[in-house]
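Going left to right, the sequence shown walks through residues -20 to -1, 1 to 418 as mature numbering (1 follows the signal peptide of the UniProt record, and there is no 0) numbers them. By construction, the Cβ of each residue, glycine as well, lies at the ideal position given by its N, Cα and C atoms. All values reported here derive from a predicted model rather than from experimental measurement. In what follows, a single structure is set out as structure tokens and then discussed.
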Amino acid sequence: MSNRLRWAVVAAAVTTLVVAACGEGDDSSSSAGPAAAATTSCASKGELTMWERSGGNKAMVDMLVEAWNTKNPDCKIKLTYIPHTEMVGKIAQGIATGQVPDLMGMDLIYAPQFEKAKQLVDLTGRIKDWPELKTASKGHMTVATFEEKLYGVPLYADVSALFYNKDLFARAGLDPDKPPTSLAELRAYADKISALGGDVKGYYLPGNCAGCNIFTVGPLMWASGAKIEAAGPGDEPLVGDGVKQVLQFTRDMVKSGNVPGGARTENGETFHLQFGSGKVGMMGTGNFNISLAREQNPSMKFGIALLPGMSAGSSASFIGGDLVVIPKGSKRVDDAVNVMKFLLSDEVQVEVYAKALNLTTRGDMVDNKYFKAEPLVQDVAKALTVGRTPYTLTFFEQINSPQGPWLKMLQRAYYTDDNLDTVIADAKKAMKTVANGG
């Protein structure tokens, strides 16, 4: 089966499985008697199973699981990565058939869809009074909440920002301490970097990854005053001049040769490795790339700025990442809740998240010795002040599906000469149809 056809089938399967569960009652495991008081240790013995998507912050998740396993040798987590393009369908199918892990990481943007379908364990009675939640990432907790019920806690936080290679800036005659503050400046800087020649390019746009683009191109539209997704039935998507302005900007970047040719096939699997190659002058990526780029390219000097819009000084960011949730049917709810408590603990926030130069998922933990010694983390944290987390029950179908209208619109902008007004009109119609239940 072709990749395109397979994803049309997966998208349809996800919708069917989620909708099919909407009439079911609440998960009884959250109300079958008093819950055990949460700790950061095992509630019972035996291996715990956990699913997590590939293409996310794998290094961070691996560290968190290792930290839990070191502390809890009697109930170690067996972590399985599911290809990110298959994760939603895998979760939905597993819940429908009862073949679920004990806990799982879930791209936060999908949580409302599964919460509405009552396919996640309601944790309200177990966790609502935890003091750690008072300062937990607001973006995560917003999408972890449905009809005043809580279904998860942050696993890790990603914010999108503009990473730029100071070495290439210097070689191109640009000031390494002055990143672009508008899309016009970004284009001008990219032109100078690409002019260095060889396999050096000024900018990176992932050509076949819907999620990568909402994370990095979406903020360019938001910063330019646009609105992207339809929140629900009757809501209008793709509103504002910034939509067309950014599509024109991205088209011009591709046609001018500022984007590597190989980026056209980037589906997200190697997106996180592009900046550390040292061959890309600028790209939108996430805070996870600080430590990753240093591991890949220890001698490379780089900086971080906010993703700009059309007007100088305008900026935006996508607040993303994963939640840790418990699928309906899990037999180890107490242990899974204890893992959540562990992740939010002071020690893990500082000695695992912060030590690895990843954003803490609690705001009161950002004032720590590791961040104080690392200006780049402080720079990327500024994105939290201009960040957004879209909330819609049809995010997958509208935005993240490889066959969805968002990616189709971008690919037509990047790689064709189709009239942009027509391109936008077609995408708008498709998004409205999805949001209206069509």
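{"Check": "List the residues that DSSP assigns as beta-bridge partners of Asn145.", "Outcome": "Phe282"}
{"Check": "Name the residue from Pro63, Asn52, Ala47, Asn49 whose alpha carbon lies nearest to the alpha carbon of Asn247.", "Outcome": "Pro63"}
{"Check": "Does the segment 366 to 376 come close enough to the segment 280 to 296 to have 3 or more Cβ pairs within less than 8 angstroms?", "Outcome": "yes"}
{"Check": "Which residue wins for smallest C-alpha separation from Asp224, given the options Pro160, Ala243, Ala203?", "Outcome": "It is worth fixing the name first, because residue 224 is Lys in this sequence and not Asp. Of the listed residues, the one whose Cα sits closest to Lys224 is Ala203."}
{"Check": "In whole angstroms, what separates the C-alpha of Val226 from that of Asn348?", "Outcome": "38 angstroms"}
{"Check": "Per DSSP, what kind of secondary structure is Ser295 in: helix, strand or coil?", "Outcome": "strand"}
{"Check": "Can you tell me which residues form a DSSP beta bridge with Lys58?", "Outcome": "Thr29"}
{"Check": "Leaving out five residues before and five after Val234 in sequence, what residues of the same chain have Cβ atoms less than 6 angstroms from its Cβ?", "Outcome": "Tyr394"}
{"Check": "Is the CB-CB distance between Met84 and Ile306 below 9 angstroms?", "Outcome": "yes"}
{"Check": "Under 8 angstroms from any heavy atom of the ligand HEM, does the C-beta of Ala23 make it?", "Outcome": "The ligand HEM is absent from the structure shown, which contains no ligands of any kind."}
{"Check": "Note down the Cα distance separating Gly212 from Pro92, rounded to an integer number of angstroms.", "Outcome": "12 angstroms"}
{"Check": "In whole angstroms, what separates the C-alpha of Asn269 from that of Gly74?", "Outcome": "32 angstroms"}
{"Check": "Would you tell me roughly how many angstroms separate the C-alpha atoms of Lys259 and Glu27, rounded to the nearest one?", "Outcome": "43 angstroms"}
{"Check": "Does the separation of the CB atoms of Thr340 and Ser140 fall below 9 angstroms?", "Outcome": "no"}
{"Check": "What residue does the beta strand (DSSP E) around Gly191 start on, and which one ends it?", "Outcome": "Run containing Gly191: none in the beta strand (DSSP E); it sits in the alpha helix (DSSP H), 190 to 196."}
{"Check": "Could you work out which residue in Gly36, Lys25, Thr29, Thr250 is closest to Ser303 when comparing CA atoms only?", "Outcome": "Sequence check: residue 303 is Leu here, not Ser. If we check each option's Cα against that of Leu303, Gly36 comes out closest."}
{"Check": "With DSSP as the reference, label residue 445 as helix, strand or coil.", "Outcome": "Here the chain comprises residues numbered -20 to 418, so residue 445 is not present and cannot be evaluated."}
{"Check": "Considering only the beta carbon of each residue, do Tyr183 and Ala285 sit closer than 9 angstroms?", "Outcome": "no"}
{"Check": "Which one of Thr20, Val357, Thr196, Gln79 has the shortest CA to CA distance from Val112?", "Outcome": "According to the sequence displayed, residue 112 carries Glu and not Val. Selected option, being the one with the closest Cα: Thr20."}
{"Check": "For Leu387, which residues from the same chain have a beta carbon less than 6 angstroms from its beta carbon, with the 5 sequence-adjacent residues on both sides left out?", "Outcome": "Ala190"}
{"Check": "Give the DSSP-derived three-state secondary structure of Val346 in the structure shown.", "Outcome": "coil"}
{"Check": "Run the CB neighbour count on Gly418, radius 10 Å, all protein chains shown included, and call it buried at 16 or more, exposed below.", "Outcome": "exposed"}
{"Check": "Provide the residue(s) that pair with residue 445 in DSSP beta bridges, ordered along the chain.", "Outcome": "The structure shown does not extend to residue 445, since the chain spans only -20 to 418, so no value can be given for it."}
{"Check": "Can you find the residues in the same chain that come closer than 6 angstroms, C-beta to C-beta, to Met389, ignoring five residues on each side of it along the sequence?", "Outcome": "Val403, Ala407"}
{"Check": "Could you give the uninterrupted runs of the alpha helix (DSSP H) lying entirely in the segment 338 to 391, keeping only those of 4 residues or more?", "Outcome": "349 to 352, 355 to 361"}
{"Check": "Suppose the cutoff is 6 angstroms on Cβ atoms and the five residues either side in sequence are ignored; what does the same chain contact list for Lys146 look like?", "Outcome": "Pro156, Lys281, Phe282, Gly283"}
{"Check": "Between which two residues does the alpha helix (DSSP H) holding Thr402 run?", "Outcome": "400 to 415"}
{"Check": "Would you mind giving the Cβ-Cβ distance between Gly187 and Ala243, rounded to the nearest angstrom? I have them listed as a contact below 8 angstroms.", "Outcome": "5 angstroms"}
{"Check": "Kindly indicate the opening and closing residues of the beta strand (DSSP E) around Gly69.", "Outcome": "No beta strand (DSSP E) contains Gly69, which is instead part of the alpha helix (DSSP H) from 67 to 77."}
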